[in-house]
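For reference, the structure discussed in these notes is given below.
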Amino acid sequence: GDLPAAVECLRRAIELAPEYVEARCDLGNCWKLLGNLDEAEACYRRALELKPELAAGHLNLGILCEERGAVTEAASCYRRAIGIDPTLAAGHHALGTALLKEGKYHEAAESFRCAVFIAPQRVESHCQLGNCLALMGELGEAFACYQRVAELKPWAAGGYHNLGTVLHTSGAFREAIGC
87 GDLPAAVECL RRAIELAPEY VEARCDLGNC WKLLGNLDEA EACYRRALEL KPELAAGHLN
147 LGILCEERGA VTEAASCYRR AIGIDPTLAA GHHALGTALL KEGKYHEAAE SFRCAVFIAP
207 QRVESHCQLG NCLALMGELG EAFACYQRVA ELKPWAAGGY HNLGTVLHTS GAFREAIGC
């Protein structure tokens with residue numbers, strides 16, 4: 087799309103209705119896509135000042151923080167988003183990703199389990215749950231996650247790669263060759 091034109095339209099919307107938090111979040115998303123992370127952050131923070139219970143605002147701010155390497159702050163943002171909307175699968179997934187980066191595998195696995203429960207078709211959550219479980223040595227459960235990835239997305243090589251890797255790691259060489 088035409089991001090500069092979108093920025094102008096969103097700025098105009100905010101000018102006309104300064105409390106329009108969704109427009110502020112969308113403007114933040116545009117700035118982020120344009121590479122202006124400072125402006126994006128300012129938009130998200132202002133939206134949250136106006137409407138602290140905006141789950142999407144906390145999620146967006148968390149993603150931005152994580153991209154900047156502030157993983158602990160990102161995790162706090164994700165927790166706030168989930169606290170507001172416990173059914174936000176993207177929030178659970180994002181929290182799991184942040185916790186995985188911090189080496190908190192058990193907590194990360196729980197977040198990915200929540201994401202999978204809420205959105206069973208969410209391939210990336212099954213995959214990340216499998217990664218956590220494999221890192222924890224739970225190869226049978228990891229295998230089941232990767233099988234689900236392959237079922238949901240049979241045309242993607244990643245699911246089969248992960249299946250083969252976990253089978254190889256577990257010593258099931260004959261099955262690994264079949265993948």
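Take any residue in the sequence shown, count from 1 to its spot, add 86: that is its number in this note's numbering. Note that CB positions come from ideal geometry on N, CA and C, so glycine has one too. As the structure is a computational prediction, the values presented were derived from the model and not from experiment.
Residue environment, residue i, which counts as buried when at least 16 other CB atoms sit within 10 Å
i           : result
residue 223 : exposed
residue 103 : exposed
residue 166 : buried
residue 97  : exposed
residue 183 : buried
residue 259 : Any reading at residue 259 must be qualified, since the residue scores a pLDDT of 47, below 50, and its modelled position is unreliable; the value itself is stated next. That one is exposed.
residue 241 : exposed
residue 243 : exposed
Minimum C-alpha distance to residue i - residue among the options
i           : options               : result
residue 181 : 115, 242 and 211      : 211
residue 217 : 203, 110, 124 and 232 : 232
residue 125 : 209, 146, 256 and 219 : 146
residue 144 : 247, 115, 122 and 121 : 115
residue 153 : 170, 187, 168 and 129 : 187
residue 255 : 201, 226, 236 and 243 : 226
residue 106 : 230, 136, 87 and 120  : 136
residue 266 : 197, 138, 193 and 215 : Residue 266 cannot be examined here, being either before or after the span of the chain that is shown, 87 to 265.
residue 220 : 200, 249, 197 and 129 : 249
Beta-carbon proximity of residue i to residue j, cut-off 8 Å
i           : j           : result
residue 207 : residue 185 : no
residue 133 : residue 151 : no
residue 113 : residue 100 : yes
residue 205 : residue 175 : yes
residue 164 : residue 148 : yes
residue 209 : residue 235 : yes
Extent of the continuous alpha helix (DSSP H) run through residue i
i           : result
residue 187 : 175–187
residue 241 : Counting along the chain, residue 241 falls outside any alpha helix (DSSP H), and DSSP gives it neither H nor E.
residue 150 : 141–153
residue 90  : 89–102
residue 136 : 123–136
Residue i Cβ short of 7 Å to the ligand FMN heavy atom set
i           : result
residue 182 : Judged by which ligands are present, the structure shown has none, so any question about the ligand FMN falls away.
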